[in-house]
Amino acid sequence: GSCAVVIVAAGSGQRLGHGVPKARVPLGREPLLAHAVKGVLKAGIAAQICVAIPADDAELAEICRGLGAEAATAGVKFTVVDGGADRSASVAAALAEVADGTTTVMVHDAARPLTPSGVFNRVAAALRDGATAVIPALAVTDTIKTVQPANLPRTGAGLEKVVGTPSRDQLRAVQTPQGFDLATLRRAHENALTFDAETASRITDDAMLVEALGDEVYVVQGSTHSFKVTTPMDLLLAEAMLEGPLR
Ligand code: CTP
Ligand code: MG
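Count along the sequence shown from 1, add 6, and you get the number used in UniProt numbering.
Shown next as structure tokens:
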């Protein structure tokens, strides 16, 4: 069956702080979105790429015209849609434009510009082997605590206190591309429309929506190269990786 890749690029990039949507912040010679699209083309797994960009951004729309031409050369259908108010809404908008006859979909962050082909291939392989949901992930290297608000005994100063320490060997840091059977992901997004505002605000990836359906979500090995460019330090690392021997 054929695979579509949704690339969500409609965020504003507040934490990067460039004052322009993160997808068009330059990394080396090209905007982040161009790296993400070219990474998908290089992996050779997509029949269609559907990009969600901010509704009012003429510059990203122009960037997409160039990327659409490159995709066409590779025989890949290229679609651009207006994103939504949060990531989940941007995914839903893009899913609506995925072509008939598509069987699987990967959802990928434009903010992960250096994702290696191997990750796309591992996700694709698990989908071929019958997974209806599969995510790339890495073991966590930090010890992770759960916390809650607390006050210091003497002064009452508001801090947090530790509630627990989940066993690290059960924890994974999750990345994109996340792969799905298309019908399953569409059903998961429809189901999410019934969530209350509080639950909806805690959605940070697509796998959570499939978990809510009770379906199995399989995990394949991610890559340290797939890190998300979120802060200025992340962009510095990405620049160094483009230049240096880690590439
Ligand atoms: N995203 C999107 N639509 C939104 C919000 C986010 O398509 N309404 C996309 C971003 O463009 C990004 C991915 O989701 O590729 C991951 O989001 P994040 O790293 O949080 O990016 P931003 O939301 O742009 O950054 P920030 O949260 O710092 O503003
Ligand atoms: Mg965000």
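Ideal Cβ positions, reconstructed from N, Cα and C, are used throughout, including at glycine.
Item, Value
"Per DSSP, cross-strand counterpart(s) of R178", "A145"
"Sequence-distant residues of its chain with Cβ nearer than 8 Å to A52 (five each side left out)", "C9, A10, V11, V46, V82, M112"
"Closest by C-alpha distance to D175, when choosing among P183, T149, G164, G185", "T149"
"G17 CB to nearest heavy atom of the ligand GTP below 7 Å", "As for the ligand GTP, it is missing from this structure, which binds only the ligand CTP and the ligand MG."
"Complete runs of the beta strand (DSSP E) confined to the segment 84-154 [at least 3 residues]", "108-115, 139-145"
"Backbone CA spacing between L144 and A49 [nearest angstrom]", "20 Å"
"The ligand CTP heavy atom lying under 7 Å from the CB of V82", "no"
"Beta-bridge pairing of residue 264 - partner residues as DSSP gives them", "Examination of residue 264 is not possible in this model, given that the chain is present from 7 through 253 alone."
"The ligand CTP heavy atom lying under 7 Å from the CB of R71", "no"
"Meets three-Cβ-pair contact criterion under 8 Å: the segment 222-232 and the segment 188-208", "no"
"Start and end residues, alpha helix (DSSP H) containing G72", "64-79"
"A206 in three-state terms, based on DSSP", "helix"
"Residues bridged to L33 [DSSP beta-bridge criterion]", "E36"
"Buried versus exposed, by CB contacts within 10 Å (16 or more), V86", "buried"
"Span of the beta strand (DSSP E), counted from its first residue to its last, around A246", "From DSSP, A246 is part of no beta strand (DSSP E) but of the alpha helix (DSSP H) over 238-249."
"Range covered by the beta strand (DSSP E) that runs through A10", "8-14"
"Counted within 10 angstroms of its Cβ, other Cβ atoms place G228 as buried (16 or more) or exposed", "buried"
"Check: Q20 C-beta below 7 Å from any heavy atom of the ligand CTP", "yes"
"Neighbour-count burial assignment, D202, 16 or more Cβ in a 10 Å radius", "exposed"
"Stretch-stretch touch, CB-based, cutoff 8 Å, three pairs: the segment 121-137 with the segment 161-178", "no"
"Cross-strand partners of A58 (DSSP beta bridge)", "V14, V87"
"Proximity below 8 Å, CB of A244 to CB of A116", "no"
"8 Å Cβ cutoff met for T110 and D211", "no"
"Burial state of Q54 (16 or more Cβ within 10 Å)", "buried"
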